[in-house]
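Q: I have a structure here, written as structure tokens, and I will follow up with some questions on it.
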Amino acid sequence: MIIGIPGEEKLTEQAKEDFLIIDYLKQIKLEIKKAKKFPPFASLHEGYAVLKEEVEEFWDEVKNFKYNESHEESESLKNIEKELIQIAAMAVKNLQLVDKMKAKIQEANK
Ligand SMILES: [Mg+2]
1 MIIGIPGEEK
11 LTEQAKEDFL
21 IIDYLKQIKL
31 EIKKAKKFPP
41 FASLHEGYAV
51 LKEEVEEFWD
61 EVKNFKYNES
71 HEESESLKNI
81 EKELIQIAAM
91 AVKNLQLVDK
101 MKAKIQEANK
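Once you know that position 86 of the sequence shown is 86 in our numbering, the rest is easy, because the numbers rise by one and skip nothing.
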């Protein structure tokens, strides 16, 4: 696991993992921000469809992956990371819809 920070070799495995997770969360947050050019999901059906599209794009990258150590594979892994971040961002966008729906139900049952 390489995270590229000074003194990295002194970090515990747990600290390295925490750094990586924080980095993923930053990327997911940025992706959610980018997705704001589109309106929130109008339904769970729409949310599912968009999430599925991202999963299919991830699958396309996986199918092309050759498991060798060429430069192309390194590029391919960057695309795979990008798709996984997009999946996570669309999962969060679905969670935001679920939260709105829960609030609506709570309001209706006051
Ligand atoms: Mg994508």
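Ideal placement from N, C-alpha and C gives every residue a C-beta, glycine not left out.
1) Quick one: is residue 89 buried, meaning 16 or more other Cβ sit within 10 Å of its Cβ, or exposed?
2) Check this for me: beta carbons of residue 83 and residue 53, under 8 Å apart or not?
3) Taking contact to mean at least 3 C-beta pairs separated by less than 8 Å, is the region 68-86 in contact with the region 96-103?
4) Contact check, residue 80 vs residue 62 under 8 Å by CB: the rounded distance?
5) Rounded to whole angstroms, what is the Cα-Cα separation between residue 44 and residue 10?
A: Once the coordinates are examined:
1) As a first step, residue 89 is located in the sequence shown; it is residue number 89 there, counting from the start. It is buried - the Cβ of residue 89 has at least 16 other Cβ atoms within 10 Å.
2) What you label residue 83 is simply residue 83 of the sequence shown in a count that begins at 1. What you label residue 53 is simply residue 53 of the sequence shown in a count that begins at 1. No; because the gap between Cβ atoms is not below 8 Å, this pair is not in contact.
3) Taking 8 Å as the limit for Cβ pairs, the verdict is that the region 96-103 does not touch the region 68-86.
4) Along the sequence shown, read from residue 1 onward, the residue named residue 80 stands at position 80. Along the sequence shown, read from residue 1 onward, the residue named residue 62 stands at position 62. Between residue 80 and residue 62, the beta carbon gap of about 7 Å places them in contact (Cβ cut-off 8 Å).
5) Position 44 of the sequence shown, counted from the start, is the residue given in the question as residue 44. Position 10 of the sequence shown, counted from the start, is the residue given in the question as residue 10. Those two C-alpha atoms are separated by around 45 Å.
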